[in-house]
Each structure stands twice: as structure tokens, then as C-alpha cells.
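S.K.: Counting in the UniProt record's numbering, the sequence shown runs from 1 upward without gaps.
This is the structure I have questions about; it appears just below.
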Amino acid sequence: MTAEIWDVVIVGAGLSGLSAADLLRKRDGSLKILILEAKDRVGGRTVSKEFPAASGVDRWDLGGQWVGSTQTHVMELIKELGLEVYPQFSTGKKVHHMGGPASKVRTYKSNFPTLSPLVLMDFIQFLWKIDRLCATVCVRDPSQTPNAAELDGQTLHSYIQQHVWTAEEHQWNLRSSPTVISVSSPQGGTQQLSERLADRVGWKNVRLGSAVTAIWQDAEWARVTTATDTFLCRAVIVTCPPHLAAKIQYEPALPTEREFLTQNMPVGHMIKFIVTYQTAFWKEKGFSGEIAAGASTDCPFAVTFDATSPRGNAALVGFISGQQASLWASKERRSAVLSSLVKYLGPEAASFIHYEEKDWAKETYNGGCPVNVMAPGLLTYYHPSLRMPCGRIHWAGTETATQWCGYMSGAIQAGQRAALEVLAEVSQVVLNEEEREVLQQSLPVQSPAKPTTSWKLTGKPALVLPAAQRL
Ligand SMILES: Cc1cc2nc3c(=O)[nH]c(=O)nc-3n(C[C@H](O)[C@H](O)[C@H](O)COP(=O)(O)OP(=O)(O)OC[C@H]3O[C@@H](n4cnc5c(N)ncnc54)[C@H](O)[C@@H]3O)c2cc1C
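Structure representation (C-alpha cells):
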């Protein structure tokens, strides 16, 4: 098998991989960059699809959708690509039904449900506490945060249990009305961010249907393998989420800290659904379309929002997680979603045009969504391995971001940071002060255990390839 030679190979054509490629291209036009993507499309956890709608057909997002003004990396990209954003509709009554089927269904118009003064005080003191705590966190190296081990030893749920006094507030899902705006354009949807980045990088440099199975390194090359091809390069950027990065075979094996980290970062299980309607009947009845419900035996979703398109096609979007996502059959879920919408918004909800749900756990090369999280205790000891390059391998993907980790903006930030690492290593281009600062800020204060000699990139090859696998 003859190996192709590239300067940089990027694993994954989601926002992170394509942002990395785009920055590399912009900063050093002489670099040969190849993106290998397992799926038959770009966009990863963003996918925009057309469904039957009031005007015939329209496009909605089944993955990442909302962006906000503090998400600077994605906002800059949207601006750069000349795309439009439109505000999330949130005017009107919001439905609040926490505490199970027997509890009272409430509605409210402000950003918070109507609460008793005691519960409101409790809520505000809790928000202050969280804000003060956030200000003490060392993002670059969380182990430097005061009480790091104690904080990292608990879940958000156990923290809430400890720090709120009122029973009602324990049921809060820490969600308020989204001060978010949806990405839009004539075509609509967030997947076009990746499609347009691929236009810029050049589709000839993006190979779809190319799942990477192995990455081998020696002193001279990184050797990236798919089922049919082999590529030699000077640097690799792996952008797939940690549980998928762990499925790639590495030689030499990755440091134990890195392996332990990826084995203990499970991915969530969330289903997103869209229901399209002839008219936005909820708006006519004074509802915003926002429902916060404690998922139960009756109601499978936790939250819904208005998703009427910029072209005016009426729709609702919602999210299902927990056992309703993992144990319920799809038919059962759909009928419970519709009967719950009828219960909260009225009988008109039963006359829908189209129901679509996407179970990301069933999609190959995802296995869940929206993001991988660290088990308690992991951050304190294994965090440095999250971004620390392993020889020629650099790590990106939203899970490695230091701002808006888990979001599209984080994916872009992480991809751009990994691109700078690669530029510093394989390009003649000199990084400017701002770029050097970005790299400095992403490095842990305390390094993990020193890499073994097999990770040295110069000197005697650490990995001697069998003759048949050499060029
Ligand atoms: C339902 C849902 C709702 C969300 N809502 C929002 C939201 O409203 N706002 C927001 O900001 N974010 C949201 N997110 C999160 C956001 O979509 C992600 O953070 C972001 O898209 C991640 O980008 P990424 O490039 O880091 O990873 P990915 O998009 O996962 O890209 C990784 C790519 O690697 C590929 N890959 C995996 N293994 C291999 C392999 N072995 N070889 C080659 N390729 C491989 C995958 O196919 C994928 O294309 C949501 C996500 C989901 C699923």
C-alpha cells in the first residue's frame, strides 16, 4: 500500500477540524492539509435537514443550533462567512411544570417562573454563590482552583443539594429563558458553517467516509490509517470527541493519563425533536412555546422552545434525555411528546405536519450527545492530558476548549488553538504575540507525567515500521 504524504492530517470534519484547517490555510498557504471524516457529510454534531412545513418544505437543525453574543469564536465565524442570525422567539407565557405529573402546571411571562420570596431569595443567593465560585476557577489548570479536589469530587446535583435550602428550588433545572439567537441564512441552519469552511479549505482536501483506525508515530512521521488508505504527515489534529478518539489505535500507546482520561469521559444521551405546524397556534394563544417540564412517565421531554423558521414556517423544538431517551420506543416517545404538547399548549398541538427526532446515540461516529463530561475527581488529576500533545498528535474538539466547552464556539476555539500548536511545530511562519498567548494559556501550569522517550520526535525512531508498511 502506497502512503500519501501531507503536512497535516486532521481527524474529523466538524466545526473544530474545519476551523483548524481554515486557520492553518490562512496562516501558511504552503501547508498541505487533509481532513479525514468518517461520516458521509461535514458538520459532525451540527446537521441541518429539510422537513415538510406549512409552505412546503423548510430547514431545521437537529444538532447544535443556538449561539449567543458572548460566544465570540462562533459569532466571529458567522460574521466572517456573511451569515445572518435571528433572535429566538420568547415573548408570551412560558409553561413551568416541575415536580411530576401530579404537581401544578404554572405559567409566567418574565424570565423566571413566579416564585415565593423565600424561593426567589434562595435562587438569587445560589446564583451569586456560583458566580463567586466561577471567579475563583483557574480554567487553564483547574487543579489550581481553591478547594479543587473537594469541588471536583461532587456532581452539580450534589452541589445544589448542599447549597440551596428550599425544596422547590431543588427541582429547578437551572434554566431560564434562553437569551440566545439562532443562526440563520437564506439556506438556514448551522451545518452551513462547516460546509462553507469546507468550501474555503477546498473539498478536494476533505475525504468523506474515511474513518481513521490507527495513528502510528516514529521520529520522522505520523502514519494515519483508514480502512483503505495510509497517510504520512508531520502533525495530526484529532478532533473527534474523547470516547471516539479512544477507539483509534495508537502506536506507541498513549500515556496512561491520557488513556485513563478518555475512558472516563462518557458522552450524554439526548434526543432532539422538531414538530412542524400549519400555524404557530401557541403564539396566537399567548404562549411563547417554551415549556420546562420534569420528564416523567407522561411527558418525555424536559424542555421545548418555539422554532418557527425565518421564513415563517411554524415549529416547536424540544429535548428528551434520561430513560425516556434510552428505554422508550420511538413510536411511544412520539405519541407522548404530542399528547404532552396538547396538555400544555392545547388541542391544536395534535394537528401537526411533521414530527422528526434525532437520536444521536444511534448515529455511528457519535454514540451520544451533546458533549462528553468528566466523571467526578477526574479534572483534578487528569486534566493536563486533555490538551497536552502526544508527540505529533494534537487534540482539539469542543471538549478541549477553555471557553464555551461543549458548544460550537468551543469547538472553533479548540480547533484554532490546535492549529496554532501545529503551526509552531511544522511551519516557518512566526506566531504573533496574541497567538503565542493563546498557546501559553492552553498549557497546564503543572505538566502531567513526563512523556517517555518514545514520544521524542527527533533522534532514533521509536517505532520501526514493518517493511511492508514503509513507503
Ligand atoms: C442535539 C444537540 C444540540 C446541541 N445544541 C447546541 C447549541 O444550541 N449551541 C451550541 O453551541 N452547541 C450545541 N451543541 C453542541 C455542538 O453541536 C458541538 O459542541 C459541536 O458541534 C462540536 O464540534 P466538534 O467539531 O468539536 O465535534 P464534532 O462535531 O463531533 O466533530 C467530530 C467529527 O469527527 C468525526 N469522527 C469521529 N471519529 C472519527 C474517526 N475515527 N475518523 C474520522 N472522523 C471521525 C465525526 O464524524 C465528526 O464529524 C449541540 C449538540 C447536539 C448533538
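Quick reminder that beta carbons are idealized off the backbone N, C-alpha and C, glycines included.
At what residues does the alpha helix (DSSP H) containing Phe281 begin and finish?
M.R.: As a first step, residue 281 must be located in the sequence shown, where it is residue number 281. Looking at the DSSP string, the run of the alpha helix (DSSP H) that includes Phe281 is Phe281 to Glu284.
S.K.: If you run the structure through DSSP and keep just helix, strand and coil, what is Gln469?
M.R.: Walking along the sequence shown from the start, residue 469 turns up at place 469. Because Gln469 sits at a pLDDT of 30, beneath the cut-off of 50, its placement in the model cannot be relied upon, and the following sentence gives the value as read from the coordinates. DSSP places Gln469 in helix when its eight states are reduced to three.
S.K.: Could you tell me which residues DSSP pairs with Ala245 in its beta bridges?
M.R.: Numbered from 1 along the sequence shown, position 245 holds the residue referred to as residue 245. According to DSSP, which records beta bridges pairwise, Ala245 is partnered with nothing at all.
S.K.: Taking the C-alpha atoms as reference points, what is the distance between Val342 and Cys299?
M.R.: Position 342 of the sequence shown holds residue 342. Position 299 of the sequence shown holds residue 299. Each residue's Cα considered, the two are about 11 angstroms apart.
S.K.: Return helix, strand or coil for Asn313, following the three-state DSSP convention.
M.R.: The residue you call residue 313 lines up with position 313 of the sequence shown. In this structure, Asn313 counts as coil in the three-state DSSP scheme.
S.K.: Buried or exposed: Ile10, going by 16 or more other Cβ atoms within 10 Å of its Cβ?
M.R.: Stepping through the sequence shown from its first residue, residue 10 is reached at position 10. By the neighbour-count rule (16 or more Cβ atoms within 10 Å), Ile10 is buried.
S.K.: Just mark Ile291 as buried or exposed, buried being the case when its beta carbon has 16 or more other beta carbons within 10 Å.
M.R.: As a first step, residue 291 is located in the sequence shown; it is residue number 291 there, counting from the start. Ile291 is buried by the Cβ-count criterion.
S.K.: Which residue from Ser288, Lys331 and Gln403 puts its Cα closest to that of Ala315?
M.R.: Here residue 315 corresponds to residue number 315 of the sequence shown, with the count starting at 1. The shortest C-alpha separation from Ala315 is found at Ser288.
S.K.: With hydrogens ignored, establish whether the beta-carbon of Trp360 is closer than 7 angstroms to any heavy atom of ligand 1.
M.R.: For this step, residue 360 is matched to residue 360 along the sequence shown. Checking every heavy atom of ligand 1 against the Cβ of Trp360, one is found closer than 7 angstroms.
S.K.: Between which residues of its own chain and Phe301 is the CB-CB distance below 8 angstroms, once the five residues before and five after are set aside?
M.R.: In the sequence shown, residue 301 corresponds to position 301, counting from 1. Cβ neighbours of Phe301 beyond the five flanking positions: Phe273, Ile291, Ala293, Ala295, Gly318, Phe319, Ile320, Gln324, Val337 and Ser340.
S.K.: Since Phe352 is in the alpha helix (DSSP H), which residue starts that stretch and which ends it?
M.R.: The residue labelled residue 352 in the question sits at position 352 within the sequence shown. Counting along the chain, Phe352 falls outside any alpha helix (DSSP H), and DSSP gives it neither H nor E.
S.K.: Are Thr190 and Thr46 close, meaning C-beta to C-beta below 8 angstroms?
M.R.: Counting from one through the sequence shown, the residue named residue 190 turns up at place 190. Counting from one through the sequence shown, the residue named residue 46 turns up at place 46. Cβ distance < 8 angstroms, so Thr190 and Thr46 count as in contact.
S.K.: Closest to Glu399 by CA distance: which of Ser442, Leu193, Arg334 and Glu433 is it?
M.R.: Counted from its first residue, the sequence shown places residue 399 at position 399. Among Ser442, Leu193, Arg334 and Glu433, the Cα nearest to that of Glu399 belongs to Ser442.
S.K.: Beta carbon of Leu423, beta carbon of Val429: below 8 angstroms?
M.R.: Stepping through the sequence shown from its first residue, residue 423 is reached at position 423. Stepping through the sequence shown from its first residue, residue 429 is reached at position 429. Their beta carbons are under 8 angstroms apart, which means Leu423 touches Val429 by this criterion.
S.K.: Are at least three pairs of beta-carbons, each pair with one atom in the region 398–415 and one in the region 61–73, less than 8 angstroms apart?
M.R.: Enough Cβ pairs lie closer than 8 angstroms, so yes.
S.K.: By Cβ distance below 6 angstroms, which residues in the same chain neighbour Arg333 in space, the five residues on each side in sequence not counted?
M.R.: Taking the first residue of the sequence shown as position 1, residue 333 is located at position 333. Same-chain partners within the cutoff: Pro300.
S.K.: Compute the beta-carbon to beta-carbon distance between Val42 and Ser194, rounded to the nearest angstrom, for a pair I have assumed lies under 8 angstroms.
M.R.: Taking the first residue of the sequence shown as 1, we reach residue 42 at position 42. Taking the first residue of the sequence shown as 1, we reach residue 194 at position 194. Val42 to Ser194, Cβ: 4 angstroms. Contact.
S.K.: Going by C-alpha to C-alpha distance, which of Glu437, Thr230 and Leu127 sits closest to Ile5?
M.R.: Reading the sequence shown from its first residue, position 5 is the one you call residue 5. It is Thr230 whose Cα lies nearest to the Cα of Ile5.
S.K.: Report yes if the C-beta distance between Ala20 and Ile237 is below 8 angstroms; otherwise report no.
M.R.: The residue given as residue 20 occupies position 20 in the sequence shown. The residue given as residue 237 occupies position 237 in the sequence shown. Yes. Within cutoff.
S.K.: With DSSP collapsed to three states, give me the class of Glu50.
M.R.: Here residue 50 corresponds to residue number 50 of the sequence shown, with the count starting at 1. Note: Glu50 maps to strand in three-state DSSP.
S.K.: Near Ser385, what residues of its chain come up, given a Cβ to Cβ distance below 6 angstroms and the 5 sequence neighbours on each side ignored?
M.R.: Numbered from 1 along the sequence shown, position 385 holds the residue referred to as residue 385. Result list for Ser385: Glu257, Arg258, Leu261 and Pro448, in chain order.
S.K.: Buried or exposed, going by whether 16 or more other CB atoms sit within 10 Å of the CB of Gln249?
M.R.: Residue 249 sits at position 249 when you count from the first residue of the sequence shown. By the neighbour-count rule (16 or more Cβ atoms within 10 Å), Gln249 is not buried but exposed.
S.K.: Taking the alpha-carbon of Asn147 as reference, which of Pro252, Phe51 and Leu379 has the nearest alpha-carbon?
M.R.: As a first step, residue 147 is located in the sequence shown; it is residue number 147 there, counting from the start. Taking only the C-alpha atoms, the option nearest Asn147 is Leu379.
S.K.: Provide the residue(s) that pair with Arg59 in DSSP beta bridges, ordered along the chain.
M.R.: On the sequence shown, residue 59 is found 59 positions in, with the first residue counted as 1. Arg59 is bridged to Glu50.
S.K.: Using 8 angstroms as the threshold, is the region 347–363 in touch with the region 273–283, meaning 3 or more CB pairs across them?
M.R.: Result yes; three or more Cβ-Cβ pairs closer than 8 angstroms.
S.K.: Please tell me whether, using a cut-off of 7 angstroms, the distance from the CB of Lys272 to the nearest non-hydrogen atom of ligand 1 is below it.
M.R.: Against the sequence shown, residue 272 aligns to sequence position 272. Flag set: Cβ of Lys272 near ligand 1.
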